[in-house]
Structures are given as structure tokens and as C-alpha cells.
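Chains as they are written, first to last, in the working numbering: chain A, 1 to 116; chain B, 1 to 114.
Backbone N, C-alpha and C define an ideal beta-carbon position, used for all residues, glycine too.
Keep in mind it's a predicted model, so treat the numbers as computed, not measured.
Remarks on the structure that follows.
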Amino acid sequence: GAGVSQSPSNKVTEKGKDVELRCDPISGHTALYWYRQSLGQGLEFLIYFQGNSAPDKSGLPSDRFSAERTGGSVSTLTIQRTQQEDSAVYLCASSSPGLGLEYGYTFGSGTRLTVV
Amino acid sequence: AQKITQTQPGMFVQEKEAVTLDCTYDTSDPSYGLFWYKQPSSGEMIFLIYQGSYDQQNATEGRYSLNFQKARKSANLVISASQLGDSAMYFCAMEAGGGNKLTFGTGTQLKVEL
């Protein structure tokens, strides 16, 4: 597609429920990233996928968080047993590392998750 | 570990004036990249400018320039001829060690006034 697409744009869920957030990267971008932005804060790295390599999961805050990327394209971030502190905007980005980082990542518009 | 510090939570500038947004960084890796992003109220992250650690000259992109002072570990963003549409949150970020993940600062909220 023309840009990075994320769905849903907004999600309100009850504490303890599981949620799935979807990211559809730019076609041909082999790298995909998830970040979390809490209110008034900068972005916090969560996980990075590059091609068929094992993902870098070093930023996942707990084992309630997991992500997968199917077929090297669409990615799903899953949060199990949501807690109120999980409320944030979850941003996805993709890039084509072969072009060099100076061309920047392209971010999606994010999913605003509210846990009540 | 990498760290980005933005010490200005909020800045005001008059339309058509220039403004400098501060960013300092810390890394032990000799190879790194520095980025600035703009986040309007709509929430999307817009890439503005990039500076590589080995680049000899300061990066420029239109009205944006990056004042890179390697010895001071600073990478300030300069916006010339500010416009009302420049009002947004601005984030400085760094990639180091070839890990491809970005470390972000806490951002500076810029407000351009008439």
C-alpha cells in the first residue's frame, strides 16, 4: 500500500481482556517495528522484525505482550490480560534497510488503546 | 545503552522567526544516526531530517537543518522562517549499534504564534 496501515485506530477494552492490534507495512519493506507511546512520553521500542530473521523482542515489557509477522508482511501485536498501564498509542513503522536509515522509517497513524 | 535528552518540554516562536530545538545524546557506539520527527496533533510521525555520525556536514532539508556538534554530543534542530503549520511535538531519536531500533527523547511541544 501507499503507507503503513494500522487497525483499529481506537480500541477500548476491559481490564483482563486480550487485544490484537494489526499493522500492514508498506509493500516491499522488509523491516517492521512496534513502538508504544504513553501519554506525554516519547516512543518506547517494543519489537523489530527483519525478513526471516528471529525478531528482536528486547523491548517487550512483559510476557503478556507478543507479536508475530506472517509471510513477511502483516504483523499482529497481541496483549493478553490487559492492564490499565497498557493504555497508550501503539505505533507501527516499516523501512527498507537496503536503502539506508537516512531515508527514515515510515510510521502508521497508530492504535490508541484504552483499558478501562 | 543509548539515551536521548530533550530538555525543552515546550517552546514558543513567532511566525517567520527561526527556532532551535535542543537534543543531546549519549552512546558509546562510534557509528550512529540521529533523526528528528514531527508529530502533529493528528498523531502521525513525520520524518524530517537525518544526520549520520560520520557525516562531515550538517544535514539540511528545506527549512530544517540539524546543528550537529559531535564533541558536545548535541544534535539540535533549527527551523527557519517558522510557519503556523510547524506547531507540533518534535522528537529527537537515535539509532546506534546497527540494531535498527530507535531510541526517542521525550519531545518538545512547539507552538508558532502570529
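- Shown here, G85 of chain B sits in a helix according to DSSP, grouped into three states.
- Residues of chain B whose Cβ lies closer than 7 angstroms to the Cβ of Y90 of chain A do not exist; the shortest such Cβ separation is about 11 angstroms.
- Secondary structure in the segment 12–91 of chain B: the beta strand (DSSP E) runs of 3 residues or longer, each lying completely within the stretch, are 19–21, 24–26, 32–39, 46–52, 64–69, 74–79 in chain order.
- Residue environment analysis places V12 of chain A among the exposed positions, since fewer than 16 neighbouring C-beta atoms fall within 10 angstroms of its C-beta.
- Using a Cβ distance threshold of 8 angstroms, A93 of chain A and T78 of chain A do not count as a contacting pair.
- If you check each beta-carbon in the segment 52–82 of chain B against every beta-carbon of chain A, the ones closer than 7 angstroms belong to G52.
- The beta carbon of V13 of chain B sits closer than 6 angstroms to the beta carbons of V19, S82, V112 from its chain, once the five residues preceding and following it are set aside; these are given in chain order.
- In the structure shown, E20 of chain A falls within a strand segment according to DSSP collapsed to helix, strand and coil.
- Taking each of B:Y32, B:Q51, B:Y50 in turn and checking the Cα distance to G97 of chain B, the smallest one comes out for B:Y32.
- For Q6 of chain A, the closest alpha carbon among the candidates A:W34, A:Q84, A:K15 is that of A:W34.
- When the five nearest sequence neighbours on each side are left out, the beta carbons in the same chain lying within less than 6 angstroms of the beta carbon of R36 of chain A are those of E44, L46, A88, Y90, in order along the chain.
- Here DSSP, grouped into helix, strand and coil, assigns D86 of chain A to helix.
- Residue pairing from DSSP places S5 of chain A in a beta bridge opposite A:D24.
- Put simply, the CB of F45 of chain A is near chain B, with a gap under 8 angstroms to one of its CB atoms.
- Where T108 of chain B is concerned, the enclosing beta strand (DSSP E) starts and stops at 108–113.
- Rounded to the nearest angstrom, the Cβ distance from N100 of chain B to Q84 of chain A is 31 angstroms, too far for a contact under 8 angstroms.
- Between D26 of chain B and T7 of chain B, the C-beta spacing is not below 8 angstroms.
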